[in-house]
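Peer 1: Before we start, here is the structure in question, set down as C-alpha coordinates.
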Amino acid sequence: MGASTPGPFIEGRDHTSGSDFIRTSKNDIELSGASLADQDFIASAKQDIPRLIAEIEFLWGITPNIK
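Those letters in the sequence shown? Residues 1 to 67, by the UniProt record's numbering.
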(Lines of atoms letter the chains of each structure in order from A and count residues from 1; the text may use other names and numbers.)
(Lines give C-alpha, C1' and ligand atoms only; values in the text may rest on other atoms or scores of the structure.)
Protein backbone atom coordinates (compact mmCIF):
# COMPACT_ATOMS: atom_id res chain seq x y z
CA MET A 1 0.00 0.00 0.00
CA GLY A 2 2.96 2.29 0.53
CA ALA A 3 3.66 2.65 -3.19
CA SER A 4 0.09 3.62 -4.05
CA THR A 5 -1.20 7.17 -4.35
CA PRO A 6 -1.91 8.67 -0.91
CA GLY A 7 -5.60 8.68 0.04
CA PRO A 8 -8.29 9.20 0.64
CA PHE A 9 -9.89 8.01 -2.59
CA ILE A 10 -13.34 9.52 -3.21
CA GLU A 11 -15.78 8.43 -5.90
CA GLY A 12 -16.60 11.29 -8.26
CA ARG A 13 -20.27 11.08 -9.18
CA ASP A 14 -21.23 14.66 -8.39
CA HIS A 15 -21.18 15.90 -11.98
CA THR A 16 -23.54 15.82 -14.96
CA SER A 17 -21.09 15.23 -17.82
CA GLY A 18 -17.89 13.31 -18.49
CA SER A 19 -16.63 10.03 -17.10
CA ASP A 20 -17.02 8.70 -13.60
CA PHE A 21 -13.77 8.81 -11.67
CA ILE A 22 -12.06 8.23 -8.34
CA ARG A 23 -10.65 11.47 -6.93
CA THR A 24 -7.20 11.02 -5.36
CA SER A 25 -4.63 13.34 -3.85
CA LYS A 26 -2.76 13.31 -7.19
CA ASN A 27 -4.12 12.27 -10.60
CA ASP A 28 -7.73 11.11 -10.68
CA ILE A 29 -8.54 7.55 -11.80
CA GLU A 30 -10.97 7.64 -14.73
CA LEU A 31 -13.42 4.74 -14.87
CA SER A 32 -15.01 3.29 -17.97
CA GLY A 33 -17.76 0.70 -17.63
CA ALA A 34 -17.60 0.46 -13.85
CA SER A 35 -20.85 0.04 -11.96
CA LEU A 36 -21.66 2.25 -8.97
CA ALA A 37 -20.82 -0.73 -6.74
CA ASP A 38 -17.44 -1.07 -8.48
CA GLN A 39 -16.74 2.62 -7.91
CA ASP A 40 -17.61 2.33 -4.22
CA PHE A 41 -15.42 -0.76 -3.85
CA ILE A 42 -12.40 0.85 -5.52
CA ALA A 43 -12.75 4.09 -3.57
CA SER A 44 -13.23 2.28 -0.25
CA ALA A 45 -10.35 -0.16 -0.74
CA LYS A 46 -7.72 2.53 -0.12
CA GLN A 47 -9.06 3.10 3.38
CA ASP A 48 -10.43 -0.40 4.11
CA ILE A 49 -7.45 -2.61 3.25
CA PRO A 50 -5.08 -1.06 5.84
CA ARG A 51 -7.84 -1.40 8.47
CA LEU A 52 -8.38 -5.03 7.48
CA ILE A 53 -4.66 -5.78 7.73
CA ALA A 54 -4.50 -4.10 11.15
CA GLU A 55 -7.46 -6.18 12.36
CA ILE A 56 -5.87 -9.41 11.13
CA GLU A 57 -2.61 -8.54 12.87
CA PHE A 58 -4.55 -7.75 16.06
CA LEU A 59 -6.39 -11.08 15.91
CA TRP A 60 -3.12 -12.94 15.32
CA GLY A 61 -1.81 -11.26 18.46
CA ILE A 62 -4.69 -12.36 20.70
CA THR A 63 -5.19 -15.85 19.24
CA PRO A 64 -3.15 -18.62 20.86
CA ASN A 65 -1.16 -20.90 18.58
CA ILE A 66 -3.56 -23.65 17.58
CA LYS A 67 -2.25 -26.86 16.02
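Quick reminder that beta carbons are idealized off the backbone N, C-alpha and C, glycines included.
Remember, it's a predicted structure, so these values are computed and weren't measured experimentally.
1. Give me the Cβ distance between residue 54 and residue 11, rounded to the nearest whole Å; I'm assuming they're in contact under 8 angstroms.
2. With respect to the alpha helix (DSSP H) encompassing residue 21, which residues constitute its N-terminal and C-terminal limits?
3. Please classify residue 47: is it buried, with 16 or more other beta-carbons within 10 angstroms of its beta-carbon, or exposed?
4. Can you name the start and end residues of the alpha helix (DSSP H) that residue 54 belongs to?
Peer 2: With the given structure in hand:
1. With a Cβ gap of about 23 angstroms, residue 54 and residue 11 do not count as contacting.
2. Residue 21 -> not in any alpha helix (DSSP H); beta strand (DSSP E) instead, spanning 20-23.
3. exposed
4. 36-62
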